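*Asks:*
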Amino acid sequence: MLLDVQNLSKRFEAVTILDGVSLSLAIGESVALTGESGSGKSTLLHIIAGLEPADGGEVTVDGIALSTLKDAGRARLRRDDIGIVFQQFNLIPSLNIAQNLLFQARLAGRDANLSALAEQLGLSEHLSKYPEQLSGGQQQRVAIGRAIAARPKLVLADEPTGNLDETTGDAVFDLLLQSAKETGAGLLIVTHSERLASRSNRRLHLRQGRIQQ
Ligand SMILES: Nc1ncnc2c1ncn2[C@@H]1O[C@H](COP(=O)(O)OP(=O)(O)O)[C@@H](O)[C@H]1O
Ligand SMILES: [Mg+2]
305 MLLDVQNLSK RFEAVTILDG VSLSLAIGES VALTGESGSG KSTLLHIIAG LEPADGGEVT
365 VDGIALSTLK DAGRARLRRD DIGIVFQQFN LIPSLNIAQN LLFQARLAGR DANLSALAEQ
425 LGLSEHLSKY PEQLSGGQQQ RVAIGRAIAA RPKLVLADEP TGNLDETTGD AVFDLLLQSA
485 KETGAGLLIV THSERLASRS NRRLHLRQGR IQQ
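Residue numbers (our numbering): 305 to 517.
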């Protein structure tokens, strides 16, 4: 399994957010995660990415258990093997679109085909612009491009269409599915939309701290 989450638990203060979450994701598989606002979807993604510690359980990415890694090891795993698409894009305002797209690939020391990537994302005309000059949908495509440019094994996307209108959101969602398919990445995508979730290979629902298949 590319991603294996076993019996994960997480509390904030006295409140239990995740209460024995288990899930797995195979190479090349796309899984949609739904759940009400506040159900812990972002927390789960952050724990999987090693950005947030769990209180119990284990996350294993490509055979490596996060609990066996120190901070630097988790940062390296994130840099080399995980692409993250944040809901709020998190583009770097002082870098142009080309530099934003290549940012993670450069950190990981990997080549990326900028012109092919830009073409796939419909961003070829915008490479020398800066994030603030693009629309929300275009910025989200840059965020996706940055996450997939280095061809990570695992792509985590947190409501990547949450800020977009329906047409743009549909296009962005399909782009993520298609690019993950092309690179053979596993994709875990959080969405509010039942309609979009049904386009993935498999669906999971987070409720009261647990996964309902
Ligand atoms: N750093 C934090 N400290 C305290 N509570 C938090 C923190 N992060 C999230 N929470 C709480 O945990 C719950 C789940 O949040 P979150 O994972 O963001 O849910 P979702 O992404 O499903 O909307 C919410 O009640 C939220 O307020
Ligand atoms: Mg969230």
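Every residue gets a Cβ at the ideal spot worked out from N, C-alpha and C, and that includes glycine. Predicted model, so just to flag it, every value in this text is computed and none were measured.
Restricting to runs no shorter than 4 residues, where is the alpha helix (DSSP H) found entirely within the stretch 360-429?
*Replies:* Entirely contained in the stretch 360-429, the alpha helix (DSSP H) runs reaching 4 residues are, in chain order, 375-385, 401-411 and 418-425.
*Asks:* Rounded to the nearest angstrom, what separates valine 319 and glutamate 423 at their Cα positions?
*Replies:* Using only the alpha carbons, I get a separation of about 46 Å.
*Asks:* One question on the structure: do threonine 364 and histidine 509 come within less than 8 Å of each other, judged by their Cβ atoms?
*Replies:* Not closer than 8 Å, so no.
*Asks:* Looking at C-alpha atoms only, which residue of His430, Glu362, Ala420 and Leu329 is the closest neighbour of lysine 457?
*Replies:* The shortest Cα separation from lysine 457 among His430, Glu362, Ala420 and Leu329 belongs to Leu329.
*Asks:* Report yes if the CB atom of glutamine 516 is closer than 8 Å to the CB atom of glutamate 463, and no otherwise.
*Replies:* Taking 8 Å as the Cβ cut-off, glutamine 516 and glutamate 463 do not qualify as a contacting pair.
*Asks:* In chain order, what residues of the same chain have a beta carbon less than 6 Å from the beta carbon of isoleucine 493, not counting five sequence neighbours either side?
*Replies:* For isoleucine 493, where only same-chain residues beyond five positions count, the Cβ hits under 6 Å are Ala336 and Ala461.
*Asks:* Going by beta carbon distance, what residues of the same chain come within less than 7 Å of isoleucine 368, once the five residues before and after it are set aside?
*Replies:* Leu381.
*Asks:* Report whether the distance from the Cβ of lysine 345 to the nearest heavy atom of ligand 2 is below 7 Å.
*Replies:* Correct: lysine 345 has its Cβ closer than 7 Å to ligand 2.
*Asks:* Using a threshold of 8 Å, state whether the C-beta atoms of leucine 500 and threonine 471 are closer than that.
*Replies:* In this structure, threonine 471 does not lie closer than 8 Å to leucine 500 by Cβ.
*Asks:* From leucine 491 to aspartate 308, what does the alpha carbon distance come to, in whole angstroms?
*Replies:* Distance between the alpha carbons of leucine 491 and aspartate 308: 13 Å.
*Asks:* Between proline 435 and glutamine 443, is the Cβ-Cβ spacing less than 8 Å?
*Replies:* Yes, they are a contact pair.
*Asks:* Using 8 Å for Cβ pairs, my map puts isoleucine 452 next to serine 497. What's the rounded Cβ distance?
*Replies:* Contact flag wrong, Cβ pair sits at about 21 Å.
*Asks:* Under 8 Å by Cβ, that's how I've got glutamate 333 and arginine 507 pegged, so tell me the actual separation to the nearest angstrom.
*Replies:* Going by Cβ atoms, the distance from glutamate 333 to arginine 507 rounds to 12 Å, so no, they are not a contact pair.
*Asks:* Would you report the Cα separation of leucine 306 and asparagine 404, rounded to the nearest angstrom?
*Replies:* For leucine 306 and asparagine 404, the distance between alpha carbons rounds to 27 Å.
*Asks:* Can you give me the start and stop residues for the beta strand (DSSP E) that lysine 314 sits inside?
*Replies:* First-last of the beta strand (DSSP E) with lysine 314: 307-316.
*Asks:* Does the distance from the CB of isoleucine 331 to the CB of glycine 441 come in under 8 Å?
*Replies:* No.
*Asks:* For serine 502, count the other beta carbons within 10 Å of its own beta carbon; 16 or more makes it buried, fewer makes it exposed. Which is it?
*Replies:* With fewer than 16 Cβ atoms within 10 Å of its Cβ, serine 502 is classed as exposed.
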